[in-house]
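Which chain is which? The protein sequence lines are A and B, in order.
Sequential numbering from 384 applies to the first sequence in this note's numbering.
Sequential numbering from 384 applies to the second sequence in this note's numbering.
Here a beta-carbon is modelled for each residue, glycine too, at the ideal position from N, C-alpha and C.
Presented below is the structure to which this report refers.
2 protein chains.
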Amino acid sequence: MLRLTKKADYGLMALKYLAEHPDSVSVSAKDIADTYGIPPQLLAKVLQRLTKVGLLRSHAGMNGGYELSRGAQTISAFEVIHAIDGPLFITSCTKGSKSCDLEPSCTIKEPLARVNDSIAGVLKSISIHDMADFDVSAGHGMESQPLVMLTRA
Amino acid sequence: MLRLTKKADYGLMALKYLAEHPDSVSVSAKDIADTYGIPPQLLAKVLQRLTKVGLLRSHAGMNGGYELSRGAQTISAFEVIHAIDGPLFITSCTKGSKSCDLEPSCTIKEPLARVNDSIAGVLKSISIHDMADFDVSAGHGMESQPLVMLTRA
DNA sequence: TGAACTGCGACAAAAATAGTCCTATACTGG
DNA sequence: CCAGTATAGGACTATTTTTGTCGCAGTTCA
Ligand code: FES
Ligand code: FES
Numbered sequence: 384m385l386r387l388t389k390k391a392d393y394g395l396m397a398l399k400y401l402a403e404h405p406d407s408v409s410v411s412a413k414d415i416a417d418t419y420g421i422p423p424q425l426l427a428k429v430l431q432r433l434t435k436v437g438l439l440r441s442h443a444g445m446n447g448g449y450e451l452s453r454g455a456q457t458i459s460a461f462e463v464i465h466a467i468d469g470p471l472f473i474t475s476c477t478k479g480s481k482s483c484d485l486e487p488s489c490t491i492k493e494p495l496a497r498v499n500d501s502i503a504g505v506l507k508s509i510s511i512h513d514m515a516d517f518d519v520s521a522g523h524g525m526e527s528q529p530l531v532m533l534t535r536a
Numbered sequence: 384m385l386r387l388t389k390k391a392d393y394g395l396m397a398l399k400y401l402a403e404h405p406d407s408v409s410v411s412a413k414d415i416a417d418t419y420g421i422p423p424q425l426l427a428k429v430l431q432r433l434t435k436v437g438l439l440r441s442h443a444g445m446n447g448g449y450e451l452s453r454g455a456q457t458i459s460a461f462e463v464i465h466a467i468d469g470p471l472f473i474t475s476c477t478k479g480s481k482s483c484d485l486e487p488s489c490t491i492k493e494p495l496a497r498v499n500d501s502i503a504g505v506l507k508s509i510s511i512h513d514m515a516d517f518d519v520s521a522g523h524g525m526e527s528q529p530l531v532m533l534t535r536a
């Protein structure tokens, strides 16, 4: 439950990869797909989507490929997920557009919308750069501190 | 994406309902299903699951039904969702048991596990009681403050 | 006893995801 | 200007997950 789609996963992996290889001017979808063993055509579509929303710049032709259109610090996980998996969130009904069938009786929508916002906040606070492993090398004793602290409002 | 299943929705609605009706000794699945217009048999199963994990107490026979086994303040949204939708989370692979096919190459697992924990934290910090609307009556000017504040660690 | 419940397991239907295929277009290098 | 490598994207199929149904067994109570 509450699972990211594989497409979103792929997208995040690709962006992370790009963030970690600033040297390469542009990397092809196939290259990334190969290194991670994911379906090239599927990844291609994901990258196309990310290009469309402006997170990536693409370049066709030989030695073509993709590159980040801005710094990895400025790209949040939220943006990526949003671009790939659509608007989003928690409740079965999308609060914006189409009302779900149990709209009138549903008592849970409003409280969950707030949970929703909190989760969106978490996702927004994490950038591709945060996820990238710039291998500060050496022993990484403890690397499992949460990225975000929570406090009741 | 990142959507709660309807079952989880139903479960939360039911618990919220029970929290708001402490007077009734026990309420049948059908009663709740009727008031919200959701499939009775499906809700029944959800409630059975919640009973199994100990969040509810059930009572068969006429005038039977369910009641909260503890105070609404002590039941977190996390518990409910976990009980209904299974262990959980974000990444396509469940970190515990079965490894996903791209386990060895996946570079994103560990960072997302932390996001995951943060989200779990949000869910854990919200109780059924928080979601229940005990109608403090009167004008409720602003009721849309987030339930949780976020601060970078 | 029988009506109104819960408790399950096995299905079936529907929807969302994942992945493939095919064609068009763009750029590069020679 | 041609061949090869890429992106762009629509249509389609396959797979998996979610949602919902059915039937039957056990319980409680009047
Ligand atoms: S789930 Fe749609 S209104 Fe509550
Ligand atoms: S998605 Fe499974 S290991 Fe990364």
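Coil, strand or helix - B:Ser-501 by DSSP: Locating residue 501 of chain B in the second sequence gives position 118, counting from the first residue. Here B:Ser-501 sits in helix by DSSP.
Test: A:Ser-510 CB closer than 8 Å to a CB of chain B: Residue 510 of chain A sits at position 127 when you count from the first residue of the first sequence. No, because no Cβ of chain B sits closer than 8 Å to the Cβ of A:Ser-510.
When A:Lys-413, A:Tyr-419 and A:Ser-409 are compared against A:Asp-392, the one with the closest alpha-carbon: Start at 1 with the first residue of the first sequence, and residue 392 of chain A comes out as number 9. When each option's Cα is compared against that of A:Asp-392, the closest is A:Tyr-419.
The stretch 491 to 511 of chain B touching the stretch 423 to 432 of chain A, judged by at least three CB pairs closer than 8 Å: no
Minimum C-alpha distance to A:Leu-451 - residue among A:Phe-472, A:Arg-440 and A:Ala-460: Translated into the one-based positions of the first sequence, residue 451 of chain A becomes position 68. Of the candidates A:Phe-472, A:Arg-440 and A:Ala-460, the one whose C-alpha sits nearest the C-alpha of A:Leu-451 is A:Arg-440.
Cβ pair B:Ser-510, B:Gln-456 closer than 8 Å: The count along the second sequence starts at 1 and reaches residue 510 of chain B at position 127. The count along the second sequence starts at 1 and reaches residue 456 of chain B at position 73. Using a Cβ distance threshold of 8 Å, B:Ser-510 and B:Gln-456 count as a contacting pair.
Any chain B beta carbon closer than 8 Å to A:Lys-478: By one-based count along the first sequence, residue 478 of chain A stands at place 95. Note that A:Lys-478 scores 43 on pLDDT, short of 50, meaning its location in the model is unreliable; the coordinates nonetheless yield the value given after this. By this cut-off, A:Lys-478 is not an interface position.
Same chain only: Cβ atoms within 7 Å of B:His-512, ignoring 5 sequence neighbours per side: Stepping through the second sequence from its first residue, residue 512 of chain B is reached at position 129. Hits under 7 Å: Ala-402, Ala-455 and Gln-456.
9 Å Cβ cut-off: residues of chain B touching A:Ala-460: Taking the first sequence and counting its residues from 1, the one referred to as residue 460 of chain A is at position 77. Under the 9 Å cutoff, chain B gives Pro-494, Leu-495 and Val-498.
A:Asn-499 burial status per 10 Å Cβ neighbour count (16 or more: buried): In the first sequence, counting from the first residue as 1, residue 499 of chain A sits at position 116. When all chains shown are included, A:Asn-499 counts as buried.
8 Å contact criterion, which A:Lys-399 and A:Ala-515 should meet: CB distance rounded: Your numbering for residue 399 of chain A matches position 16 in the first sequence. Your numbering for residue 515 of chain A matches position 132 in the first sequence. With 8 Å as the limit, A:Lys-399 and A:Ala-515 qualify as a contact, their Cβ atoms being about 5 Å apart.
Cα-Cα separation between B:Arg-386 and A:Ser-409, rounded to whole angstroms: As a working note, residue 386 of chain B is residue 3 in the second sequence. As a working note, residue 409 of chain A is residue 26 in the first sequence. Each residue's Cα considered, the two are about 34 Å apart.
Residues, ordered as in the chain, of the stretch 397 to 413 of chain B that lie near chain A by beta-carbon distance below 7 Å: Under the 7 Å Cβ criterion, the stretch 397 to 413 of chain B contributes Lys-399.
Length at least 3, wholly inside the stretch 387 to 469 of chain B: the beta strand (DSSP E) runs in chain order: 439 to 442 and 448 to 451
B:Arg-535 at chain A interface by Cβ criterion, 8 Å: Position 152 of the second sequence, counted from the start, is the residue given in the question as residue 535 of chain B. Because B:Arg-535 carries a pLDDT of 46, less than 50, the predicted location of this residue cannot be relied on, and no value is offered for it.
Environment of B:Arg-497 [buried if 16+ CB atoms lie within 10 Å]: One-based indexing of the second sequence puts residue 497 of chain B at position 114. Buried is the call here.
Residues that B:Leu-438 contacts on chain A, provided the C-beta gap is smaller than 9 Å: Reading the second sequence from its first residue, position 55 is the one you call residue 438 of chain B. In chain order: nothing, as chain A lies at least about 16 Å away.
Cross-strand partners of B:Ser-510 (DSSP beta bridge): Here residue 510 of chain B refers to the residue found at position 127 when the second sequence is read from its first residue. B:Ser-510 is bridged to B:Ser-459.
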